[in-house]
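Peer 1:
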Amino acid sequence: MSARIFQYISRVRLPMGLPRCADSIRYYAKASTMIDRTYDSELDGFEALSDVKTFSQEDDQGTNEYKQLPDDCQYITQHREQLIRFRKFLQDRHAEKRAFQSYTANELSGQLEDFMSQVEKERASQTGFLADKATALLLDQELKAFQKMDRGIRKTLHLNNGYTHVFDAILTNFEVFDTMERNLQEKKTSLKDTRHKHNLRLEYKKIPEDASYLQAYLHELKLFRAFLGHEFAASSKAGILDALNSLLSNMNQTSKYATDDKKLHRFAKMAWGVRYILNTCNDPCALDVALKNFDVFDKTNHTIQKRHAARFLANSEGVQLNEPKESAPIIEEAPEDGLEKSTIKAKLSKLLLDSLLSESKPLEKNLAAILEKRLHMPSSSACVESQVQTSETPENLDNLTAEQIRKNYKYNLSKKVPPHVVPVHSKPDLGKLEGFLRQVKQVKDNDRETIFRHKKTYEWISARNCRDPRSPKLNFLEPNAIYKEHVADAFRRARGVSESDLFFPKVEGTRNTGTNFVESALTREYLLLANNGATILSADNPLGKDHTAEDMFSIFSRIDFPEKYLRHIAKLQAQNWKLIGGGGPKLLLVFERPASKFKDKVGGNSWVGLRNGLALVGTVIVGVVGFNHYGFTAKVDETADLN
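Shown next as structure tokens:
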């Protein structure tokens, strides 16, 4: 900041025109004080280098190895204007030496002393004629800038072993950069003038989201482009609007379109959409982009419809009319002038009615062939005729009733049904139905489990990222990106509990035979956890002896707010409790664990202490008795020897 203020003030020249108010004087006084402090602090780092007035013979002749200046060499690069004035001073003194590299280090140091003496004299001469304090402060800052340049030149020569051409390189870099910036600005100005002169587009804007309005009038837009004779981008905005007005006027004068209000209305809607896009985007190229997007979208839609039709035709064999599978398109009469063919998704009842009406009157051969090819459905009237044994005449078809047609819904219409065929009602295969229902239930449970897992993982990631939303990885499917220090305590894994046991607890298997089952039942204890955190110990399984342990997802699916239990579950799992079931109206969770550890902690310690104490007392008594017996025996033997 100080360097920027210093550079700004060093560039200003205002011997005249300076505001002469008290605020300006205070401002410059404050700036002077701030710059003085910055100047003194920055010069303290190389005062020893500034005292070097002469250089060694190797440095003076430039025979030592050249050393590159550090990257932070702003102590010399920020004094561009002072260096230019110093170079002009050298050129005025010696016309044959027009660059810094023409001088040695000692010669440049001597010239620098003369230049600084001249600057100080000019400053002293100007001070005597100035009555404005602000101007005086500004000249003082300019003098300090030259003094700082003096120190920077000496430091540079000391660091790079006396090579003076570095100052020419610094000024050349500034000149090249200024030339490049000036050329770029001239090119931008000339390009802008050219665009204004030839009425070219200046800026492309994004196509609005409601531009899909034109998709319904794609055919009219293509006709307009054909009328224009070239792409929209090759014309200007005014040219396109003139051509559009000409097209509409020609249509009004043409008898073919003048009598057709529907077509005129469609072209008018298309013209409104074209004007809207041109006014919004200000670029005719947007119409070409929109037209191309609509074409690609229509091709994709057509491909999807073909795949859908192929699947429908493959499954249409043996379809029953009272069990509609998919809507079939109704073929209308071909539109004129190449307009798009419209398709209507009708219900199967409407399809049956249209089929009956079409068979009750003579049809064109091509339309009947198209209908037979597209629908691939047998004639309903043919089935009725085969049953009532009547000929296909308009009179007999008019006498058909809905009841007669409804009776034939249960027959396979892909084959000709004889009148003597009696429908057979078969019983459904309960085994296949049960297997299908189980498969559907399994898929549904898997989906619910996946949704629950993703939801919990997302909440976990959200809780971790609430303090640092700019983390490089914010994908909730990548738990490896989570920093350990940001994981909440409620989501930390209990020590000694694996991840598989956390979500899918494993219950030790027991055999339901003999004493093994009794021993297993006596060595396990159970705990009930309420939604408020209260716990109840139990020796029996509250869910029953035959209850099978459930996983966490199945249990949480029966609870409205499972996140309330997470902190309590984590604490209990740290104590070797495992979740085996729960839910119900009171929202209780049931845990179990081996009872051996619990017994050792509660009542086992006193029994072990008592047992060890009794053993110690018995050992002491036996030792004392044995020692006394040994001493008594020794005395008896000694007395016998004396006798």
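FYI, in the numbering used here the residues of the sequence shown are 269 to 911. We put the beta carbon where it would ideally sit given N, CA and C, even for glycine. Given the structure is predicted, the values throughout are model-derived calculations rather than measurements.
1. Give me the DSSP bridge partner(s) of R861.
2. Buried or exposed for A373, please, with buried defined as at least 16 other CB atoms from any protein chain shown within 10 angstroms of its CB.
3. Going by Cα to Cα distance, which pick from A539, T457, Q453 is closest to A484?
4. Any beta-carbon of chain D closer than 8 Å to the one on R879?
5. Look at the alpha carbon of V893 and the alpha carbon of T907, and state the distance between them as a whole number of angstroms.
6. Can you list, in chain order, the residues of its chain with a C-beta nearer than 7 Å to that of A798? Leave out the 5 residues immediately preceding and following it.
7. Below 8 Å on the Cβ atoms is my guess for L439 versus L351; work out the distance and round it to an integer in Å.
8. Is T901 helix, strand or coil by DSSP?
9. Roughly how many angstroms lie between the CA atoms of V870 and V876, to the nearest whole one?
10. Leaving out five residues before and five after L512 in sequence, what residues of the same chain have Cβ atoms less than 8 Å from its Cβ?
11. Taking the alpha carbon of E488 as the reference point, which residue from I508, S514, V444, F535 has its own alpha carbon closest?
12. Report the partner residues of T803 according to the DSSP bridge assignment.
13. Considering Cα atoms alone, identify which of L884, R826, L795 is closest to P862.
14. Just tell me which of I823, G886, A883 has its CA closest to the CA of V858.
15. Where does the unbroken beta strand (DSSP E) through G850 begin, and where does it stop?
16. For D360 and F442, what's the separation of their Cα atoms in angstroms?
17. To the nearest angstrom, report how far apart D905 and N896 are at their CA atoms.
18. With L506 as the anchor, note down where its alpha helix (DSSP H) starts and where it stops.
19. Residues in the same chain with beta-carbon distance under 6 Å from A756, minus the five sequence neighbours each way, listed in chain order, please.
20. On the premise that F821 lies in contact with E671, defined as a C-beta separation below 8 Å, what is that separation, rounded to the nearest angstrom?
21. Taking only three categories from DSSP, how would you classify L856?
22. Taking F821 as part of the alpha helix (DSSP H), name the residues at either end of that continuous run.
23. Given a cut-off of 8 Å on the beta-carbon distance, is the pair F445 and F368 in contact?
24. So the candidates are S825, S393, I572, N451; which of them puts its Cα closest to the Cα of F720?
25. Would you grab the beta carbon distance between I344 and G420 for me? Rounded to a whole angstrom, and I think it's under 8 Å.
26. Assuming L358 and Q379 are in contact, meaning their beta carbons sit under 8 Å apart, how far apart are those beta carbons, in whole angstroms?
27. Please state if the CB of F495 and the CB of I508 are separated by a distance shorter than 8 Å.
28. So, at 7 Å on beta carbons, what are the nonlocal neighbours of I827 in its own chain, with the 5 sequence-adjacent residues on each side left out?
29. Could you round the C-beta distance between L411 and E388 to whole angstroms and report it? I think they count as a contact, below 8 Å.
30. To the nearest angstrom, report how far apart M417 and K356 are at their CA atoms.
31. If you draw a straight line from the C-alpha of D530 to the C-alpha of L486, how long is it?
32. Taking its Cβ as the centre, do 16 or more other Cβ atoms sit within 10 Å of A413, making it buried, or is it exposed?
33. May I have the straight-line CA-CA distance separating R391 from Q346, to the nearest angstrom?
34. List the endpoints of the continuous alpha helix (DSSP H) containing Q709.
Peer 2: Considering the structure as presented:
1. E793
2. buried
3. A539
4. Included in the structure is just one protein chain, with no chain D present.
5. 21 Å
6. L856
7. 6 Å
8. helix
9. Residue confidence is low: V870 scores 43 on pLDDT, short of 50, so the model does not pin down where it sits. No coordinate-derived value is stated.
10. F492, A539, V542, R543
11. F535
12. L797
13. L795
14. I823
15. 846–851
16. 22 Å
17. 14 Å
18. For the sequence presented, residue 506 should be read as Ala rather than Leu. Note, A506: alpha helix (DSSP H), 505–521.
19. Confidence at A756 is low in this model, with a pLDDT of 46, below 50, so the placement of that residue should be treated as unreliable; the coordinate-derived value is given next. The answer, listed in chain order, is A731.
20. Their Cβ separation, rounded to whole angstroms, is 54 Å, which puts E671 and F821 out of contact at 8 Å.
21. strand
22. 820–824
23. no
24. S825
25. 4 Å
26. 6 Å
27. no
28. G851, L855
29. 7 Å
30. 15 Å
31. One point to set straight first is that residue 530 is Lys, not Asp, in the sequence displayed. Whole-angstrom Cα-Cα distance: 15 Å.
32. buried
33. 21 Å
34. Note on identity: in this sequence residue 709 is Lys, with Gln being the wrong assignment. Its alpha helix (DSSP H) spans residues 698–733.
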